Amino acid sequence: GNIHVTAADGETRAAAAWVGKGGRARKLRAAEVTAGRHKVGAVVCVHARDMKAAWCLAASNAEATAREITNHYARRWTIEPGFRDTKDLRFGMGLGVLRIADPQRREGTVGGRRVAIGGDTYVRNRSHGDDALIGSFAAPAGTMSVAVAVDGVVAGVILLQDQLREDARSTLDALRAAGIERIVLASGDMDNIAQAVGQSLGVDEILGDLTPEGKVAAVRREAESRSVMMVGDGVNDAPALAAADVGVAMGARGAAASSEAAGVVLLVDQLLPLANALEIARRTRAIALQSVFVGLGLSIAGMVVAAFGYLPPVQGALLQEAIDVVVILNALRALR
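Residue numbers in the sequence shown follow the working numbering, run continuously in steps of one, and reach 921 at the last position.
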């Protein structure tokens with residue numbers, strides 16, 4: 586129920602809602618899976634009569650038919666083509682959580698076979714025989730390796746890589762144009778991944794492998810010399826959002842904890858509105874200060890003239906009203 590699929594036209598539904606009439610398999614091309622919006626070639630949603638719940642099957646081959654994809658999964662994981670998911674099948678392709686010692690590590694059963702997924706050391710400790718396969722993969726810069734063992738034997742290594750948004754660099758440029766002097770990437774991802782992403786974006790400092798406490802420390806260190814705005818969307822970002830002078834949460838698909846800790850919540854999954862808001866705030870403040878100084882200046886000038894007897898009380902009152910109207914009209918420029 587927590588797996589959502591976004592079709593190529595942008596419509597998002599729970600995986601079960603995409604299933605065709607009568608539970609028949611339905612294929613979506615160029616879809617995106619889960620809140621991370623990871624693109625895949627094709628997604629098949631199926632809920633056969635003898636299945637407890639709908640399944641979401643992902644494939645890189647967009648040309649494969651729904652039947653070919655479902656049959657491939659059935660053969661690969663020794664699951665009956667009818668998908669009689671009577672075992673401990675709760676995660677994706679049936680990865681049941683029997684033990685969770687760390688959010689990055691998973692163990693479970695798939696089609697009656699024991700599967701372990703996690704870091705190199707974690708999987709080595711749960712496998713026997715030749716584990717040279719793990720060390721044979723040289724992960725390119727900016728990627729993270731996830732090892733997989735099936736029935737105690739290392740089966741393969743999955744390389745994961747986050748895709749930068751197409752507007753990421755332009756958004757950071759817009760933030761700098763709006764007055765942001767220093768941008769620090771504070772990430773809980775592996776340091777090599779954070780370094781690769783940060784260097785491609787041209788940020789001022791890159792901090793990887795950070796715990797929630799590490800992010801708070803980074804915010805406090807920056808706060809010693811300047812005001813700090815923290816932007817985040819995860820549970821681990823919540824303490825740092827609360828510690829910053831201004832905490833901004835990505836509320837569209839972010840964690841509820843981050844939205845509760847932040848002072849500002851963006852209701853769209855984009856940072857560009859933040860740059861626009863900063864520009865609007867800067868312009869509004871400039872207009873407000875201009876109105877204050879102009880109003881005070883004209884009022885003081887009028888009082889000086891009146892003190893020398895050149896401005897009678899009635900004309901002085903009318904002049905003050907005129908000054909107030911001018912100041913108000915000037916302040917209304919902030920609405921444009």
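The beta-carbon is built from N, C-alpha and C at its ideal position, and this holds for glycine as well. Model, not experiment: these values are computed from the prediction.
Buried or exposed by the 16-neighbour rule on C-beta atoms within 10 Å, applied to residue i
| i | result |
| --- | --- |
| D789 | exposed |
| V708 | buried |
| T655 | buried |
| N821 | buried |
| L903 | exposed |
| P824 | buried |
| K800 | buried |
| I778 | buried |
| E845 | exposed |
| E807 | buried |
| P688 | Note that P688 has pLDDT 39, beneath the 50 cutoff, so the model's placement of it is unreliable and no number is given. |
Own chain partners of residue i with C-beta closer than 7 Å, once the 5 adjacent residues on each side are dropped
| i | result |
| --- | --- |
| G901 | G887 and A891 |
| P858 | L851 |
| D776 | G793 and D794 |
| V592 | Residue identity differs from the one stated: residue 592 is Ala in this sequence, not Val. Around A592: L613 and A616. |
| A740 | V733 and A734 |
| L826 | M815, G817, G832, A834, S843, A846 and A847 |
| V769 | V788, D789, E790, L792, A803 and E807 |
Extent of the continuous alpha helix (DSSP H) run through residue i
| i | result |
| --- | --- |
| L851 | No alpha helix (DSSP H) holds L851; the beta strand (DSSP E) holding it covers V849 to L851. |
| E596 | No alpha helix (DSSP H) contains E596, which DSSP labels as neither H nor E. |
| V700 | Counting along the chain, V700 falls outside any alpha helix (DSSP H), though it belongs to the beta strand (DSSP E) covering R698 to G703. |
| D758 | A753 to A762 |
| F893 | From DSSP, F893 is part of no alpha helix (DSSP H); its letter is neither H nor E. |
| D736 | First-last for D736: undefined, no H or E at that position. |
| Q905 | P898 to A916 |
| L826 | A823 to A828 |
| A841 | A841 to A846 |
Spatial neighbours of residue i in its chain, beta-carbon cut-off 6 Å, leaving aside the 5 residues before and after
| i | result |
| --- | --- |
| A803 | A771 and L792 |
| A602 | none |
| A651 | A610, K612 and V629 |
| V816 | V833 |
| D594 | none |
| P797 | N821 and P824 |
| V849 | V833 |
Nearest neighbour of residue i, chosen from the options [CA to CA]
| i | options | result |
| --- | --- | --- |
| A916 | G697, K800 and A871 | A871 |
| E809 | V849, Y707, A829 and G595 | A829 |
| L881 | T869, A866 and I908 | I908 |
| I743 | G737, V733, R750 and L749 | V733 |
| V782 | Q748, V735 and R598 | Q748 |
| G832 | M814, A841 and E845 | M814 |
| S876 | L914, V899, A593 and P897 | L914 |
| Q784 | A753, V604, S812 and K800 | A753 |
| R867 | A610, A763 and F878 | A763 |
| E766 | R811, V628 and V911 | R811 |
| V912 | A873, F893 and V889 | A873 |
| V735 | L757, L903, E596 and I702 | I702 |
| L757 | S884, Q855 and E596 | Q855 |
| R921 | V910, T869, P898 and L896 | T869 |
| L948 | P898, G894 and Q905 | With the chain covering only 586 through 921, there is no way to say anything about residue 948. |
| A860 | V731, S755, D594 and A847 | S755 |
| R750 | P898, I768, S730 and L786 | L786 |
According to DSSP, residues forming a beta bridge with residue i
| i | result |
| --- | --- |
| A790 | As written in the sequence, residue 790 is Glu, which differs from the Ala given in the question. Answer is V769, bridged to E790. |
| R811 | DSSP lists no partner for R811. |
| G882 | Answer by DSSP bridge pairing: none, since G882 is not bridged. |
| T869 | T869 is not bridged to any residue. |
| T796 | In DSSP, T796 forms no bridge with anything. |
| G741 | V733 |
| L749 | DSSP lists no partner for L749. |
| T650 | BP columns for T650 are empty, so no partner. |
| L642 | V629 |
| T694 | R699 |
Limits of the beta strand (DSSP E) - the one that residue i falls within
| i | result |
| --- | --- |
| G832 | V831 to M835 |
| M814 | M814 to G817 |
| T591 | H589 to T591 |
8 Å Cβ shell around residue i - same chain, five flanking residues per side excluded
| i | result |
| --- | --- |
| L933 | What is shown of the chain runs 586 to 921, which leaves residue 933 out entirely. |
| R918 | I872 |
| L863 | L760, A763, G764 and I765 |
Short CB-CB distance (under 9 Å) between residue i and chain B
| i | result |
| --- | --- |
| L904 | No chain B is present in this structure, which holds just one protein chain. |
The ligand SAH heavy atom lying under 8 Å from the CB of residue i
| i | result |
| --- | --- |
| V849 | The ligand SAH is not among the ligands present in this structure, which contains no ligands whatsoever. |
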